[in-house]
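K.L.:
Structure incoming, see below.
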Amino acid sequence: MSIAVFASGSGSNFQAMVEYARRQQWSTPISLLICDQPKAKVLQRAERLDIPYHMIDPRRFASKRAYEEKVLTYLEQSRIEWIVLAGYMRLIGSTILNKYEGKIVNIHPSLLPAFPGLHAIEQAFHYPVKVSGVTVHFVDEGMDTGPIIAQEAVTIEDQDTIESLRAKIQQVEHRLYPKVVDQLIQGKIQYRRRRVE
Ligand code: GRF
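Numbered according to this note's numbering, the sequence shown spans residues 7 to 203.
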């Protein structure tokens, strides 16, 4: 069994994860990248790192379900057990979730539940809060709402800019995310649905 990373953009987390996995000689390897953006830089990183990938353009499918069914066929072909979202700019739908509940994780650049969604870094900066950070969580049907696994704070200083804050957050992401996924594949973290009061 192995791991697939889903990414839509630059792929710096994808690269950090692959490099960490190789250094640590994970017994569950990262064997696949799924990308939904033909021009994403992550595709070049996959070439350089020699990780097989599928670029699947959702616009070529009649529905989200049809797109996700195609993704599922690739996941099954590669015997994927875990899905690691790393800047995948799309909500996971029920077609994939039904097959992989408790097996999908995401990283988000804020301390959830503060600042969910696409512009977390900008929103924290402009709010302005003094502390933001990084969250790793299981994925459910919501936008950044699944059970939280790990969080790390990042302080926002007066002299910070959006770009310096982004750099600090990414540094934490590259260190934290591979460690969490490592624990996950070793069975050290259990999935529990979020308690809803
Ligand atoms: C990261 O900041 C992650 O938290 C968010 O998307 C960004 C992806 O960056 N979900 P990269 O493509 O890994 O560089």
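By construction, the Cβ of each residue, glycine as well, lies at the ideal position given by its N, Cα and C atoms.
With distance defined between alpha-carbon atoms, name the residue in VAL11, VAL187 and VAL48 nearest to VAL142.
P.N.:
VAL187
K.L.:
Can you find a heavy atom of the ligand GRF that lies under 7 Å from the Cβ of GLN176?
P.N.:
yes
K.L.:
Which residues does DSSP list as the beta-bridge partners of GLN139?
P.N.:
Checking the sequence, you will find Gly at residue 139 rather than Gln. BP columns for GLY139 point to ALA159.
K.L.:
Determine, using beta-carbon pairs with one atom in the region 126-142 and one in the region 89-109, whether at least three such pairs fall under 8 Å.
P.N.:
no
K.L.:
What residue does the alpha helix (DSSP H) around PHE20 start on, and which one ends it?
P.N.:
18-30
K.L.:
Quick check on PHE131: does DSSP put it in helix, strand or coil?
P.N.:
In the structure shown, PHE131 sits in a helix (DSSP, three-state: H, G or I).
K.L.:
Where do the N-terminal and C-terminal ends of the alpha helix (DSSP H) with LEU38 fall, by residue?
P.N.:
Looking at the DSSP string, LEU38 is not in any alpha helix (DSSP H); the run it does join, the beta strand (DSSP E), is 36-41.
K.L.:
Taking 7 Å as the cut-off, is the beta-carbon of ALA130 closer than that to any non-hydrogen atom of the ligand GRF?
P.N.:
Remark: the shortest separation between the CB of ALA130 and any heavy atom of the ligand GRF does not fall under 7 Å.
K.L.:
Looking at VAL20 and the ligand GRF, is the gap between the Cβ and the nearest heavy atom below 7 Å?
P.N.:
Per the sequence shown, residue 20 should be read as Phe rather than Val. Yes, the ligand GRF has a heavy atom inside 7 Å of this Cβ.
K.L.:
Helix or strand or just coil, what does DSSP make of LEU118?
P.N.:
coil
K.L.:
Suppose you measure from the CA of VAL77 to the CA of ARG71; what does that come to, to the nearest Å?
P.N.:
10 Å
K.L.:
Tell me whether ALA120 counts as near the ligand GRF, meaning its Cβ is closer than 7 Å to at least one heavy atom of that ligand.
P.N.:
no
K.L.:
Less than 8 Å separating the beta-carbons of HIS180 and ALA22?
P.N.:
yes
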